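Take a look at the structure below.
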Amino acid sequence: MGDDRQPGWVVSTPVAALAGGLAGLSLAPLGWPPVLWLALVPLWAQTQRQWARHRVAGIGASLRAAALWGGCGVLVSHRWLLWLHPLDWLGVPLPLSLPICLLLWLACGLAAGLLVALWCGLARWLGPSRWSTALLLAGLWGLAEVLLARSPLFWLGLGAAPLPGDRALAGLAAIGGSGMVAAAQLMLGWWLWRALGAPPARRQRWWLGLIAVGVALHLLGWSQLRVSRAERGEPVEVLVLQPAVPTREKFAPSQQQRLLQRLAAARREAARLGVDSLLLPEGSLLRGQALPGPEPVEVIAGGFRLEREELRSSVLRFEPGQLNPSGWIDKHRLVPLGEWVPLAGLWRWSGLSAVGGVEPGDPSRLLQRSAGAIGVAICYEISDGQALAAASRGGAGWLLAAANLDPYPALLQHQFTALSQLRAIETGRWLVSAANTGPSLVINSQGVVMQRLPANRAATARFRLEVLSRLTMYARWGELPLGLLLLLAASAAALSSGRISRQPGGETGAEQELRP
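For the numbering used here, count along the sequence shown from 1 and bump the result up by 1.
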């Protein structure tokens, strides 16, 4: 028997799976939030799904549908993982390459499905019909995304969905980070769900409420990005080298020679242009490799170094005229398979990591320099907003993202760009990305891409940015605004539940009638 409170198609399991896939498509490169809000409607509907005669069966069906929503969303958004195949360049036997890539991709989808099912179960227990419980659920989702962004896997959640298409909504990140942006997306999806399912007599009120809330959130986000509000800082010029060396061929002698030639030419160009620094992407220099010439320009390059016989993937800093590094920051979040191997002792072949078993460095993302500290994200450390906010709080005047996104497709480059825009907005800092095949670009403190190099092409570019010192609310307070929002929602939900329970015949939770 179908659900007796909302149209059957809204709560059907196939629709939930399709909506999850649509949510995955709504992320970069599309980055258009209304698509996500529509995709969230079937998910919110699962939190109210029930059968008049088979309540337990209804709960199980809703949790399965919610798991499908989450799993399909991540499988679509993270489909670039399949481009890892073939893994023979990592030492994986070719017959095992595709199964390993598929298992990794499916494991990400399974993990997302379990998390969304848990969230749906909590929503059913709390009851999603009141704004206070909906806000609590949205805030918890946002907080979970912040925690997942610090996990070993690359995380791209609802917090990045507004970019590149809706910077005004993404401006909320300057107040409460990506977690607050994700919570706003959930609330707009909830309001749309309520508007679509409201009785005809109340439908207009819900639609007006949706428009009012949407406009208010956009105005609040835009207020953080106004040009008149933007800080003006000391100008800095950098030269970015995008070598475009295929990762699968990177360690071939011919490619190493070509990379050294490009590096030497870039150093000469940087010295001729008189820029402040030359920036190179992740993994540009081999372990112990010196620079090819003593040109008088600072070099900040991705490379490798030994720390007490442990290999580190690092960003190395070379003083002007020096051939060896004088400072560095080590990569803290390592790439599974590429840099570290889960349960490595169980694997029967050696050399599974392309760079030989890298060890993680210190969590701090602050690189000290005589010209002023900067915040550094190596590869998918760009997904962790907390670390870069802490670096900004510690004195970083601008941010550097050093990456190597080969052999992944353009999809990952678009997602990396969206996350870079989000980090710039969160911290109120200019961000420069130096990547092997792209995206190599510069983003201002309002999240606008100012310049970029064409992808997958060897080139250099002279980027101008500004050193800033003003802290955004998020850089200053971190997740505190989101925590206060959760506290407000929990208090309001508790008060509302108390009033309802005191009413004769009152109902709570999922049995409560949908109403404003």
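Beta carbons: idealized from backbone N, C-alpha and C, even for Gly.
These numbers come from a predicted model, not from an experiment.
Once you ignore the five residues that flank residue i on each side, which residues in its own chain have a CB closer than 7 angstroms to its CB?
i           : result
residue 69  : 14, 17, 18, 21, 114
residue 101 : 88, 93
residue 215 : 189
residue 95  : 87, 89
residue 383 : 402, 417, 420, 421, 424
residue 468 : 234, 235, 237, 373, 398, 399
residue 324 : 291, 292, 295
residue 219 : 169, 170
residue 175 : 225, 426, 427, 429, 473, 474, 475
residue 162 : 27, 28, 32, 34, 37, 186
Short of 6 angstroms in beta carbon distance, which residues of its chain neighbour residue i, apart from the five on each side in sequence? Order them along the chain.
i           : result
residue 328 : 318
residue 260 : 244, 246
residue 36  : 27
residue 395 : 367
residue 271 : 240, 279, 298
residue 38  : 189, 190, 193
residue 351 : In this prediction, residue 351 scores a pLDDT of 44, lower than 50, which makes its location untrustworthy; the coordinate-derived value is nonetheless stated afterwards. Hits under 6 angstroms: none found.
residue 242 : 267, 281, 461
So what's residue i in DSSP terms, helix, strand or just coil?
i           : result
residue 283 : coil
residue 1   : What is shown of the chain runs 2 to 517, which leaves residue 1 out entirely.
residue 319 : strand
residue 461 : strand
residue 377 : strand
residue 329 : strand
residue 468 : strand
residue 308 : strand
residue 133 : helix
residue 337 : strand
residue 231 : coil
residue 314 : strand
residue 68  : helix
residue 104 : helix
residue 88  : coil
residue 496 : helix
residue 226 : coil
residue 324 : coil
residue 154 : coil
residue 406 : coil
Report back the beta-carbon spacing between residue i and residue j to the nearest angstrom; my notes put them in contact at under 8 angstroms.
i           : j           : result
residue 226 : residue 168 : 6 angstroms
residue 453 : residue 466 : 13 angstroms between Cβ atoms; not a contact.
residue 12  : residue 40  : Contact doesn't hold; Cβ gap of about 14 angstroms is too wide.
residue 232 : residue 179 : In fact, because the Cβ distance is near 22 angstroms, the residues do not count as touching under 8 angstroms.
residue 263 : residue 459 : 7 angstroms
Residue i to residue j, Cα distance in whole Å?
i           : j           : result
residue 118 : residue 487 : 20 angstroms
residue 513 : residue 125 : Only weak support is given to the placement of residue 513: the predicted model assigns it a pLDDT of 44, under 50, and the question is left unresolved by the model.
residue 298 : residue 85  : 36 angstroms
residue 489 : residue 497 : 12 angstroms
residue 77  : residue 25  : 5 angstroms
residue 406 : residue 416 : 11 angstroms
residue 239 : residue 144 : 36 angstroms
residue 181 : residue 275 : 41 angstroms
residue 377 : residue 191 : 36 angstroms
residue 83  : residue 337 : 14 angstroms
residue 363 : residue 129 : 41 angstroms
residue 371 : residue 492 : 49 angstroms
residue 165 : residue 414 : 12 angstroms
residue 132 : residue 404 : 41 angstroms
residue 42  : residue 200 : 16 angstroms
residue 410 : residue 447 : 27 angstroms
residue 435 : residue 282 : 5 angstroms
residue 288 : residue 308 : 11 angstroms
residue 385 : residue 150 : 5 angstroms
residue 330 : residue 316 : 5 angstroms
residue 257 : residue 387 : 35 angstroms
residue 322 : residue 333 : 29 angstroms
residue 109 : residue 49  : 26 angstroms
Considering only residues of the same chain and omitting the five flanking positions on each side of residue i, which have a CB-CB separation below 8 angstroms?
i           : result
residue 356 : In this prediction, residue 356 has a pLDDT of 49, which is less than 50 and means its spatial position is unreliable; what the coordinates show is noted afterwards. For residue 356, where only same-chain residues beyond five positions count, the Cβ hits under 8 angstroms are 284, 305, 312, 314, 339, 340.
residue 196 : 204, 207, 208, 210, 211
residue 268 : 279, 292, 293, 294, 296, 298, 300
residue 456 : 411, 414, 438, 439, 440
Just list the alpha helix (DSSP H) runs in the segment 424-456, keeping only unbroken ones of 4 residues or longer that don't cross its boundaries, in chain order. none
Go through the segment 28-53 residue by residue and report every complete run of the alpha helix (DSSP H) that reaches 4 residues or more, in order. 34-47
Mind listing, in chain order, the continuous beta strand (DSSP E) runs of no fewer than 3 residues lying wholly within the segment 234-301? 235-243, 278-280
What runs of the alpha helix (DSSP H), each 4 residues or longer, lie entirely inside the segment 156-204? 168-171, 174-198
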